[in-house]
Structure formats: structure tokens, C-alpha cells
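Numbering (my numbering), first residue to last: 1 to 449.
Even for Gly, the Cβ is constructed at its ideal location relative to N, Cα and C.
This one's a predicted model, so the numbers in the text were calculated from it and none came from an experiment.
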Amino acid sequence: MSSSRDFPVRLGLIAMAAAAAISLAGCEDAGLNSISARANAPVPAETVALMKEKGTTPDAPVLIRTYKKESELEVWKMKADGKYALLKTYPVCRWSGQLGPKTREGDRQVPEGFYSITPAQMKPNSAYYLAFNVGYPNAYDRALGRDGGAIMVHGICSSAGCFSMTDPQIGEIYALVRDGFSGGQREIQMQSYPFRMTAENMAKYRADPNIGFWKQLKEGSDNFEVTKQQVAVGVCSKRYVFNAEPATGRFDPYGPCPQLKQDESVRSEVAAKAARDDVKVAELAAQAKPIRTLYVDGGQHPQFASLSAFASRPEALARGPVDIVIEDAKTKLASDDGKARKTRVSPVVQMAKAAPPSAAPAVKLADAGDVTGSVGGASAKEPDRLAMITGWFGGKKTEPAAAVAAQEPLVPQFADVPTPPQRADASAKPATATSATAGPAAMAQIVRQ
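Next up, the structure:
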């Protein structure tokens with residue numbers, strides 16, 4: 001019989017095996033054995049007070065919008081008049097992959113599209129602190145033969161295709177979603193976008209292979225912007241259909257679209273907005289060449305730049321995204337003088353001579369430090385990386401020039417940004433959830449909305 005002194009050793013081996021299993025599972029979440037108290041934690045009093053200011057209540061319906069490039073997650077709440085108001089904008093701690101939809105298992109892509117979250121998709125015992133499944137693949141994804149699954153919004157600041165937040169952030173978001181269900185909401189719509197669907201971004205990415213798909217997403221976004229109500233989503237002929245219903249029968253994702261019935265006033269307003277945006281896209285396209293933005297493996301909000309070592313794959317974050325100018329079937333790194341040049345993107349490159357968007361609201365942020373400069377340790381490998389990226393698009397090998405700081409239109413005010421949890425291995429996911437309330441004192445505080 002083994003000595004009782006061997007028990008701690010056996011226990012440690014079990015814990016190590018559990019940690020290894022979770023780290024191999026990506027966003028797959030086996031969860032813990034019992035529901036923890038954190039799943040029942042109330043919405044913070046400050047957020048409840050903010051709801052009152054916005055004309056909404058804790059049990060009012062919820063809607064979520066996410067933007068990969070800007071690394072932001074918005075929570076909207078329904079007001080008494082049935083329209084949604086933006087409650088809070090949360091900076092995303094980590095997302096993986098590239099701009100563009102998820103198409104297959106293991107591609108590390110964060111999905112883009114319109115998804116539904118139900119009470120059954122809540123993960124109160126998640127090994128990633130707390131989580132909920134976003135509902136990928138949806139009918140549109142399945143019609144296109146896309147596979148994969150277990151895509152979550154969760155904590156831990158580690159992503160393999162998921163929307164990863166800090167633990168305190170997901171604690172608050174989870175509570176908001178939970179209370180929406182408690183108030184009688186049956187499904188919560190999540191609108192996942194590659195970037196904010198502005199004319200500026202549509203002009204920048206007009207030559208991207210995903211632009212046809214993104215135009216569909218913009219139509220859905222426009223419907224929400226016009227009505228401030230949840231968008232009715234259908235799929236037919238392998239395309240999204242918004243705020244419409246079949247005159248007879250039902251939608252068939254694989255078959256032709258039937259004759260549609262729509263609210264004419266909404267349809268007219270959406271068409272007018274699209275026409276205004278198309279004019280602006282044409283104006284901007286005449287002033288600047290199209291670009292593509294390439295990532296080593298996704299990104300995070302600039303407010304977390306000084307803490308990237310706490311996130312998954314910190315080396316990918318350190319090297320940052322690169323904008324590629326698409327010109328005459330050749331590819332050059334973004335620059336104003338026409339020479340091949342790397343542009344550090346934080347989070348996007350400024351379009352040459354393009355006017356700033358007039359509709360973007362101002363926001364006051366605490367100083368989080370410069371995140372546009374070069375990162376130590378990455379410069380030695382940069383020429384090879386730039387040559388590789390240029391080669392993907394048929395360009396010639398060139399020497400990189402100095403980095404150029406980027407400008408981005410200001411966006412809505414952010415919620416508080418808690419510090420990500422520290423882990424022994426930044427790329428692995430822990431076997432058990434831990435609090436993220438402690439962290440480096442250098443974390444910048446963001447002004448509350």
C-alpha cells in the first residue's frame with residue numbers, strides 16, 4: 001500500500017493533466033463540477049445606476065454587438081419605447097485569427113455574422129471563469145458548409161477563435177445576459193462584425209476577398225442603426241435577409257428566396273442610408289487605394305497593450321497587424337510615398353487625404369501609453385515577415401522602412417478595464433478559474449460612460 005505521503009504527488013499529477021487537457025481544447029469548455037457563486041453575482045451597482053440614466057432596467061432585453069478590428073464588445077439594453085440604447089462598450093482582451101468569417105474547425109477564426117444566444121448556451125461552471133456560447137454555426141454558416149463550434153464569449157484573456165475578456169468583464173457581461181433571460185427574453189441577438197461598418201472602412205477594404213460578405217453584414221448593421229431594434233434575420237439562397245418575411249411559406253437557406261414582405265418605411269430609410277454611404281465610399285476610394293489588414297494571430301484592444309504578456313500568444317500581439325496596399329494586381333506595404341513600407345496599426349491605418357467621419361462621437365480616454373511604436377525583440381525578424389506577407393500577394397521583396405503612427409476615428413466611451421489574470425504560461429488555459437482583480441499597477445483606467 002502506498003504511503004499517504006504520496007497523495008500530494010498524485011493530486012499534483014491530476015491537476016497537471018487537467019490543465020493540459022484544457023489547453024489542448026481551444027475554446028472547448030468542459031467546465032467545472034459545480035456552479036460557482038460568480039455565476040449568480042449581481043450586476044454592479046454602478047451599472048444598474050447607468051441603466052436608470054439610459055432609461056432601461058436590469059431585466060430589460062439585451063443585444064450584443066462586437067467589432068474585431070476595434071476589439072470592442074457593446075452591450076445594448078432595450079428602453080421602454082422598445083428601442084435599444086448603448087449601455088457599455090467593453091474593450092476586448094483577446095481575439096484570434098484574421099478579419100473575415102470562420103469557415104472550419106481549427107482555423108482560429110472568430111465568427112462574423114448574426115447569432116442567437118439562448119439560456120441553454122450559458123456556461124455558469126466554465127473553466128474560463130464564466131462563458132456563453134455564441135451559437136456558431138448559424139443557418140447561414142451551415143448553408144455554406146462551414147463547420148466547427150464551441151465558440152464562446154469567456155474570461156481568462158486567451159482566445160482560439162473566441163471573444164476573450166478579462167474575468168471581471170465577463171462577470172459583468174454574463175450577469176447582464178443572465179438578467180435579460182430572467183426578465184423573459186428567450187434569445188439574445190449577437191451581431192459580430194469585422195469592424196465598424198462605416199463608409200470609411202468599406203472604402204478601405206473594398207478590394208478584400210470578403211467584401212461581398214461584409215456588404216451583407218453592413219445591410220444588417222444599417223437596419224439596426226436605422227431602427228435601433230433587434231434585426232429580424234433570415235437566410236435564403238445562401239444569403240442573409242434582414243427585416244423581411246416570406247409572403248408565403250418560409251425561408252430555405254439552400255433554396256431561392258421567396259417573395260418578401262417588408263415594412264416599407266424601414267426599407268426606405270435603410271436604402272437611403274446605404275445610398276449616402278455609397279457616395280462617401282466612392283469619394284474616399286478616389287482618394288486612397290484599398291488595403292488589407294493582416295495579423296499574426298488576431299489582436300486585442302490598445303488599452304491592454306502594456307499587459308499583452310498576460311494574454312494568449314503574446315508574441316503574435318507584439319508583432320502587430322500590417323496593412324497591405326492593393327495596387328495594380330501587385331501588393332505593397334502601406335505608405336504615402338508609394339514605396340514598400342510597414343505600417344504599425346493601432347488599430348487601423350489612416351487613409352491618405354481622407355476626411356475624419358463627422359458622425360463619430362468624442363471620447364476621453366486615460367493615457368495608456370504609446371502602442372504604435374516598435375516592440376523589442378520583434379525587429380530582427382521583421383524583414384523576413386514583411387517579405388513573406390508581400391509574397392502572398394505577388395509583390396516584390398523590399399526592405400521595410402520606419403513605422404508610421406496610425407490615426408483612428410474616436411469611438412464610444414468604454415467600460416472599466418480590469419486587469420487580465422497572470423498565468424505561468426501565457427499561451428495555456430488554466431484548469432481552474434481564478435480572479436483577475438489583481439494585476440500590474442500600470443493598467444490605465446478608462447473613463448466610464
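query: Own chain residues within Cβ distance below 6 angstroms of H301, not counting five before or after; result: S71, P91, V92
query: Cβ contact (3+ pairs, closer than 8 angstroms) linking the segment 51 to 63 and the segment 76 to 92; result: yes
query: DSSP three-state assignment for E112, whether helix, strand or coil; result: coil
query: Which residues DSSP lists as bridging R239, in chain order; result: C236
query: Proximity to F251 [Cα-Cα], best of W95, L73, A143, A41; result: A143
query: Counterpart residues of F132 in DSSP-defined beta bridges; result: M122, V153
query: Y129 beta carbon less than 8 angstroms from that of G155; result: yes
query: Cβ distance (whole Å) where A316 is taken to contact A203 below 8 angstroms; result: Their Cβ separation, rounded to whole angstroms, is 28 angstroms, which puts A316 and A203 out of contact at 8 angstroms.
query: Reduced DSSP secondary structure (H/G/I, E/B, other) of Q191; result: strand
query: The beta strand (DSSP E) enclosing T89, as first and last residue numbers; result: 84 to 91
query: Residue of S265, K68, P168, A288 minimising C-alpha distance to P42; result: P168
query: Beta strand (DSSP E) segment containing E225, residue limits; result: Careful: E225 lies outside any beta strand (DSSP E), inside the alpha helix (DSSP H) at 211 to 227.
query: N- and C-terminal bounds of the alpha helix (DSSP H) containing E315; result: 314 to 319
query: DSSP three-state assignment for G299, whether helix, strand or coil; result: strand
query: Same chain, Cβ closer than 7 angstroms to Y67, five either side skipped, listed in chain order; result: Y193, F195, R196
query: Reduced DSSP category for G148 - H, G, I as helix; E, B as strand; rest coil; result: coil
query: Same chain, Cβ closer than 6 angstroms to E112, five either side skipped, listed in chain order; result: P101, S192, P194
query: Q463 (DSSP reduced to helix, strand or coil); result: Because residue 463 is not part of the residues shown, which for the chain are 1 to 449, the question remains open.
query: Segment limits, alpha helix (DSSP H) that includes L50; result: 45 to 54
query: Alpha helix (DSSP H) segment containing R142, residue limits; result: 139 to 143
query: Pick from L99, R146, K238 that is closest to G106, judged by C-alpha positions; result: R146
query: Sequence-distant residues of the same chain with beta carbon closer than 7 angstroms to E172, five excluded per side; result: V43, P44, T47
query: Status (buried if at least 16 other CB within 10 Å, exposed otherwise) for E74; result: buried
query: Own chain partners of G183 with C-beta closer than 6 angstroms, once the 5 adjacent residues on each side are dropped; result: D59
query: For P253, the three-state DSSP class (helix, strand or coil); result: coil
query: A244 - partner residues in DSSP beta bridges; result: Q262
query: E72 - containing beta strand (DSSP E), residue span; result: 72 to 78
query: Beta-carbon contacts of Q244 that lie in its chain and below 6 angstroms, excluding the five residues immediately before and after; result: This sequence places Ala at residue 244; Gln is not what is there. These residues qualify, in order along the chain: L260, Q262.
query: Distance between E283 and A175 (C-alpha atoms, nearest Å); result: 44 angstroms
query: Selection from K228, V226, K215, Q230 that minimises the alpha carbon distance to Y240; result: K215
query: Proximity to K123 [Cα-Cα], best of V134, D278, F114; result: V134
query: For T227 and V235, the rounded distance between their alpha carbons; result: 20 angstroms
query: For K69, the nearest candidate out of T248, K238, R94 (CA to CA); result: R94
query: 7 angstroms Cβ shell around D208 - same chain, five flanking residues per side excluded; result: R292
query: Three-state class that DSSP yields for K396 in the structure shown; result: Caution applies to K396, whose pLDDT of 40 falls short of 50 and renders its modelled position unreliable; the value that the coordinates give is listed next. Of the three classes helix, strand and coil, the one that applies to K396 here is coil, per DSSP.
query: A139 to S237 span [Cα, whole Å]; result: 11 angstroms
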